[in-house]
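Residues in the sequence shown are numbered from 23 upward in steps of one, following our numbering. Cβ atoms here follow ideal geometry from the backbone N, Cα and C, with glycine treated the same way. Here the structure is a predicted model, which means the values were calculated and not measured. Structure record follows, encoded as structure tokens.
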Amino acid sequence: MEKRYEGKAKVIYPGPEAGTLRVYFKDEATAFNGQKRGVIEGKGAINNRISATLFRYLEAQGIPTHFLRLLSEREMLVREVKIVPLEVIVRNRAAGSFARRYGVEEGQALPYPLVEFSLKNDALGDPLIYDDAALALGLVSGSELARIKELALQVNRLLKDYFAQRNLELVDFKLEFGKLLHPTDERGAIVLADELSPDTMRLWEMQSGEKMDKDRFRRDLGGVEEAYREVLRRVEAA
Ligand code: TMP
């Protein structure tokens with residue numbers, strides 16, 4: 023099948039029915055806008071299952087997502103959307119680029135969850151973007167931006183609880199949203215897209231603070247595969 027799109031962690035193919043796409047999860051991992059490259063053995067299958075479980079949970083809680091069903095170990099079927107070119111980041115604690123940018127200690131508590139946007143553009147290194155610039159550039163409308171923020175904060179509340187019940191703290195994460203293309207009566211509706219996995223979130227062991235996500239790869243901490251497998255085990259636990 024002809025590829026529709028290939029990103030750093032996934033390949034998108036046309037789906038079996040009109041208005042659907044097949045997402046294939048790769049083991050390849052990159053960091054720092056592709057400057058660091060590697061393979062996390064088994065990651066594709068793990069992230070496919072983690073994403074599917076979390077999309078199903080969010081759907082059951084009333085969040086519209088692109089997820090339809092699992093197709094194979096490494097593939098899921100999703101609804102076709104036009105991706106909004108923003109990376110939507112929600113932060114519960116200062117970490118990563120936020121801690122660096124503002125010179126605060128990683129792990130510093132935040133009084134309430136923050137929503138941050140980056141322009142999805144690898145050539146520019148996904149620069150931080152503020153609401154007015156996203157509107158002025160025509161990337162989203164005001165009502166779309168409001169809906170995206172509302173959904174991002176709802177997803178945060180739901181995932182934070184979900185992980186807390188599994189002894190993991192959701193420190194921050196990145197979401198991508200899309201606009202439905204079909205059917206006509208739903209055209210333009212905003213749904214959660216992309217993936218939900220240790221590639222796109224920071225998860226810390228509740229008591230010890232041990233990192234259980236892609237920071238183990240980014241920072242050469244070792245035990246990367248083991249951490250991903252353990253997150254899968256807990257996500258799938260009832
Ligand atoms: P940051 O602190 O490096 O900005 O990352 C914030 C969150 O977003 C973190 O959970 C990792 C995730 N993330 C991605 O999913 N893709 C990216 O390209 C980047 C930079 C971060």
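1) Write down the C-beta distance between Phe199 and Met223 rounded to the nearest angstrom, noting that I regard them as a contact closer than 8 Å.
2) Please determine whether the Cβ atom of Phe47 lies at a distance below 7 Å from any heavy atom of ligand 1.
3) For ligand 1, is there any heavy atom lying closer than 7 Å to the beta carbon of Asp221?
4) Where does Thr206 sit, in a helix, a strand or coil, going by DSSP?
5) Out of Gly160, Pro220, Gly147, Lys25, which has the shortest C-alpha to C-alpha gap to Leu254?
6) Quick check on Ala259: buried or exposed, where buried means 16 or more other Cβ atoms within 10 Å of its Cβ?
7) Leaving out five residues on either side along the sequence, give the residues of the same chain with a beta carbon under 8 Å from the beta carbon of Gly41.
8) By the three-class DSSP mapping on this structure, what secondary structure does Gly244 have?
9) For a quick check, are the C-beta atoms of Glu109 and Phe139 less than 8 Å apart?
10) Looking only at its chain, what residues have a beta carbon closer than 7 Å to the beta carbon of Pro135, apart from the 5 residues adjacent to it on each side?
11) With a threshold of 8 Å on Cβ separation, who are the neighbours of Gly164 within its own chain once the five nearest residues in sequence on each side are excluded?
12) Please list the segments of the beta strand (DSSP E) lying wholly inside the region 84-145, counting only runs of 3 or more residues, in order along the chain.
13) Could you name the residues of the same chain whose beta carbon sits closer than 6 Å to that of Leu218, not counting the 5 residues immediately before and after it, in chain order?
14) Between Ile212 and Leu173, which are expected to be in contact by the criterion C-beta below 8 Å, what is the C-beta distance as a whole number of angstroms?
15) If contacts are defined as beta-carbon pairs under 8 Å, then Leu225 and Phe185 qualify, I think. What distance do you get, rounded to the angstrom?
16) Leaving out five residues on either side along the sequence, give the residues of the same chain with a beta carbon under 8 Å from the beta carbon of Glu24.
17) What is the C-beta distance between Arg44 and Glu97, in whole angstroms, given that I count them as a contact (C-beta under 8 Å)?
18) So, for Ala249: in the same chain, excluding its five sequence neighbours on each side, which residues have a beta-carbon less than 6 Å away from its beta-carbon?
19) Give every residue of the same chain whose Cβ lies closer than 8 Å to the Cβ of Gly118, excluding the five residues on either side of it in the sequence, and list them in chain order.
20) Below 7 Å, is the gap between the Cβ of Glu120 and the nearest heavy atom of ligand 1?
Judging by the given coordinates:
1) Not really, about 16 Å apart at Cβ, beyond 8 Å.
2) no
3) Checking the Cβ of Asp221 against ligand 1 gives yes.
4) helix
5) Pro220
6) Counting Cβ neighbours within 10 Å, Ala259 comes out exposed, since fewer than 16 surround it.
7) Arg101, Glu102, Leu203, His204, Pro205
8) coil
9) With respect to the 8 Å criterion, Glu109 and Phe139 are classified as neighbours on the basis of their beta carbons.
10) Excluding residues within five positions, the ones whose Cβ falls inside 7 Å are Val112, Arg113, Asn114, Leu175, Asn178.
11) Leu157
12) Counting only runs of 3 or more, we get 89-94, 97-101, 103-105, 108-115, 131-141.
13) Ser73, Leu76
14) About 7 Å separates the two Cβ atoms, so the contact holds.
15) Sure, about 6 Å apart at Cβ, within 8 Å.
16) Tyr35, Pro36
17) 6 Å
18) Met234, Arg238
19) Hits under 8 Å: Glu128, Asp194, Arg224, Asp237.
20) Correcting the residue type first, residue 120 is Phe in the shown sequence and not Glu. Yes - ligand 1 has a heavy atom lying nearer than 7 Å to the Cβ of Phe120.
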